[in-house]
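In the numbering used here, each residue carries its 1-based index in the sequence shown increased by 15.
Below is one structure, written out as structure tokens; the observations come after it.
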Amino acid sequence: MTRLRNFQYLSFCVTWIAYASSYLLRKPLGVVKSDLQTSYNLSKTDLGWLDTCFLLPYALMQILLGNLGDKYSARLILSSCLAISSFSMVTFGYWNKMLVMGVLLFLNGSAQACLWPNCVKGLSNWYNDEQRATLFGVWGTCCFAGGIFGTVLAVHLQNIYTPDLSMVFAIPSVIVLIVAVLVYLSLRTPGEMNLVIEGKALPKHFGEPKEKLQLNLFQIWNIKMVAELSWTMFGMKLVRYCLYMWLPMYLNQNLKYSVSMAGMLSTAYDIGGVAGSALIGVFIDRVMGGRTYWGVVLALVSSAISLLAFQITSSWGLLFNFVLLFLVGAFSCGPDSTVSGTLACEAGERENAQSAVSGIINGFGSLGTVLEGPIVALIATSFGWNGTFYAMILLTLVGVIAMAKAAIMNDKVRQNTTNLI
């Protein structure tokens, strides 16, 4: 048991660090947006298209390549993609041409697309079904802790090296490469270690030839709850990346914070994300009685209310800005790992397709982020920043509707199961 527990801790820590490190190569672009605009005379539309150069392949490759971890080892795919991501961004700050920056961001997005599904695969191998709601809630803090570290590091490097932006991207790239080596050397499966996880459900095709376990996209989409979870992620991730990519610029230009202060204040959203992700599993288990779907619905409704409150009180000063950004982060980011981790694993495990289902759900959600750059640029230019926040509120409600439908479906399934018993 001690040996098993040690490997569980190791897999948790390694996958947590791996996914958190990816934000070291995502957050700098949002932090330096104002510098890119002034130094290279880029418009908001240009900056929006740079976002799309990263987010389009990030979404599509998750859908198309999400099953690589099921075909090969999660360790190989995860470490390789971290290394590719590192190499793609190490020279980003040395270029001043939109085309080159776009190509490098495209490579980075393609590599990072495979990180989430393979982290989920690598971690879920080591834990049984009963442990997952709390497990993925705590593990999901990697997204937002990584966002905090990425922002703080980018702001620190920006203050040291401005107007030269090269080190803002080069130093994080080296760190990510080191993490890639760590993953390759450390991540294993229970089978490789001759360990058995008690209480872990076996795939329903267990014992059949491996090729029969490979499902196509249509078959994966038709697994119960996958479509609803995917639409929920669509709304959630679009809002999340709107704030990731544009919040520092909004705080700087609209609320008149300094560039460094705007970057640091934007971490309130990430700090809220850490708290929300860590506590949502406890909330679902103890307050919602294990009703995960309805817990996510409640969190998303609270997120929409918090966004509206932030917009109304944005001129009230630093304290109100921090508190409400914290609440937005807690309620909008908290359900993220629950939807794309816990619920995705439940949907995919019986088909031995955890990586593929997680990739579909997270990838479809990321299709929303592809629209983020052009949409935010268009709305901010045409209707101002106020219009952008009202659009985010509406998108959050899209997630509420989709998850409510999934919750009703899940209640019916549970009721039917109870009646059969």
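Idealized CB from N, CA, C, for every residue including glycine.
Enclosing alpha helix (DSSP H) for residue i [first to last residue]
i: S292; result: T282 to R301
i: S201; result: S181 to S201
i: F252; result: Checking the sequence shown, residue 252 turns out to be Lys, not Phe. That run of the alpha helix (DSSP H) goes V241 to Q268.
i: L315; result: T307 to T328
i: G344; result: L333 to S352
i: W31; result: T17 to S37
i: L210; result: Run containing L210: none; DSSP gives neither H nor E here.
i: F486; result: For residue 486 there is no data in the structure shown, the boundaries of the chain being 16 and 436.
i: L97; result: A89 to M104
Whether residue i touches residue j by CB criterion (8 Å)
i: T156; j: A293; result: yes
i: L172; j: I186; result: yes
i: Q77; j: S381; result: yes
i: G469; j: P350; result: Shown here, the chain extends from 16 to 436; a query on residue 469 therefore has no answer.
i: C158; j: L130; result: no
i: A89; j: N133; result: yes
i: S329; j: L342; result: no
i: T396; j: K86; result: no
i: M418; j: V302; result: no
i: S245; j: I92; result: no
i: W400; j: N209; result: no
i: N111; j: Y55; result: yes
i: V170; j: S36; result: no
i: L253; j: E387; result: yes
i: I408; j: L323; result: yes
i: G137; j: T30; result: yes
Nearest neighbour of residue i, chosen from the options [CA to CA]
i: L71; options: Q127, S95 and I32; result: Q127
i: I238; options: M424, C28, F22 and L44; result: M424
i: T247; options: L39, L358 and P205; result: L358
i: R41; options: S58, S26 and V105; result: V105
i: V338; options: G356, R301 and A290; result: A290
i: N174; options: G137, F107 and G278; result: G278
i: L119; options: C28, L75 and F184; result: F184
i: A406; options: K427, G344, G310 and R255; result: R255
i: I286; options: Y259, V274, V385 and Y308; result: Y259
i: L340; options: A319, M113 and W110; result: A319
i: P178; options: G108, V191 and K271; result: G108
i: W331; options: K271, S275, G378 and T384; result: K271
i: G383; options: F69, F164, T17 and I32; result: F69
i: F121; options: Y55, Y308, F249 and V385; result: V385
i: D50; options: T30, Y176 and G206; result: Y176
i: G152; options: L334, G296, T30 and T17; result: G296
i: G414; options: Y308, W31, L333 and G356; result: Y308
i: C257; options: V211, A160, R306 and T67; result: T67
i: S355; options: W154, N123 and T17; result: W154
i: L412; options: G304, A283 and F249; result: F249
i: I32; options: A160, Y265 and G304; result: A160
Residue i versus residue j: straight-line alpha-carbon distance, rounded
i: G162; j: S281; result: 10 Å
i: D61; j: E213; result: 52 Å
i: Y34; j: L393; result: 31 Å
i: S125; j: T353; result: 24 Å
i: L410; j: V46; result: 24 Å
i: L19; j: V194; result: 23 Å
i: S373; j: G363; result: 8 Å
i: S317; j: M251; result: 13 Å
i: F231; j: N143; result: Looking at the sequence shown, residue 231 is not Phe but Asn. Roughly 26 Å separates the two Cα atoms.
i: L44; j: N267; result: 15 Å
i: S26; j: F233; result: 31 Å
i: T204; j: V198; result: 12 Å
i: I299; j: L180; result: 43 Å
i: S347; j: L313; result: 10 Å
i: L65; j: G117; result: 6 Å
i: I235; j: L79; result: 12 Å
i: S103; j: L114; result: 14 Å
i: D426; j: I416; result: 15 Å
i: V191; j: E361; result: 30 Å
i: V196; j: I99; result: 12 Å
i: L3; j: V135; result: Residue 3 is absent from the structure shown; the chain starts at 16 and stops at 436.
i: A421; j: L57; result: 42 Å
i: L200; j: F404; result: 44 Å
i: W141; j: A242; result: 27 Å
i: G222; j: V391; result: For G222, the predicted model reports a pLDDT of 46, less than 50, meaning its position is unreliable; a value from the coordinates is still stated below. If you take the alpha carbons of G222 and V391, they lie about 49 Å apart.
i: G288; j: A345; result: 4 Å
i: F335; j: F325; result: 8 Å
i: E226; j: A371; result: Residue placement at E226 cannot be trusted, given a pLDDT of 47 that sits under 50; what the coordinates show is reported in the next sentence. Taking the straight line joining both Cα atoms gives about 14 Å.
i: P224; j: F379; result: Its pLDDT being 43, under 50, P224 is placed unreliably in this model, and the coordinates cannot settle the point.
Length at least 4, wholly inside the stretch 127-161: the alpha helix (DSSP H) runs in chain order: Fully enclosed alpha helix (DSSP H) runs of 4 or longer: 130-139 and 147-154.
Alpha helix (DSSP H) runs wholly inside the stretch 39-79, at least 4 long, in chain order: As far as the stretch 39-79 is concerned, its whole alpha helix (DSSP H) runs of at least 4 residues are 42-46 and 48-54.
3-residue-minimum beta strand (DSSP E) runs that sit fully inside the stretch 384-410, ordered along the chain: If we require 3 residues or more, the stretch 384-410 turns out to have no beta strand (DSSP E) run fully inside it.
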